[in-house]
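In this note's numbering, the protein residues as written are 401 to 462. Right, one structure below, let's go through it.
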Amino acid sequence: MSSLTPGEAARWAARAGLSLPNDRHAVVAATADHIHSVVSVLRELDLGDTAPFHAGETDATA
Numbered sequence: 401m402s403s404l405t406p407g408e409a410a411r412w413a414a415r416a417g418l419s420l421p422n423d424r425h426a427v428v429a430a431t432a433d434h435i436h437s438v439v440s441v442l443r444e445l446d447l448g449d450t451a452p453f454h455a456g457e458t459d460a461t462a
């Protein structure tokens, strides 16, 4: 994915019904790019042998 431009960030915000001041477009675009890069790395992790967490259980390693 290419980087999200400030203009695209403004358009996506407007599409979602959010008011985004002009001075925030670049910051929002940079934040969205960072989140996308983190999620991309997480998607590459092989979690096939990882047991699911069950609420209420304690973790002996913590």
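Each residue gets a CB set at the ideal place from its N, CA and C atoms; glycine is no exception. Keep in mind the model is a prediction, meaning the values are calculated, not measured.
- [ ] Determine contact between the segment 420-431 and the segment 440-450, defined as no fewer than three beta-carbon pairs at a distance below 8 Å.
- [x] no
TODO: Would you mind giving the Cβ-Cβ distance between LEU404 and ALA413, rounded to the nearest angstrom? I have them listed as a contact below 8 Å.
DONE: About 11 Å separates the two Cβ atoms, so there is no contact after all.
- [ ] Give the straight-line distance between the Cα atoms of GLY407 and LEU442, rounded to the nearest whole angstrom.
- [x] 27 Å
- [ ] Compare the beta carbon distance of ALA455 and ALA432 with 8 Å and say whether it is the shorter of the two.
- [x] no
Task: Nearest to SER402 (by Cα), restricted to the options SER440, GLY417, ASN422 and LEU418 - done: SER440
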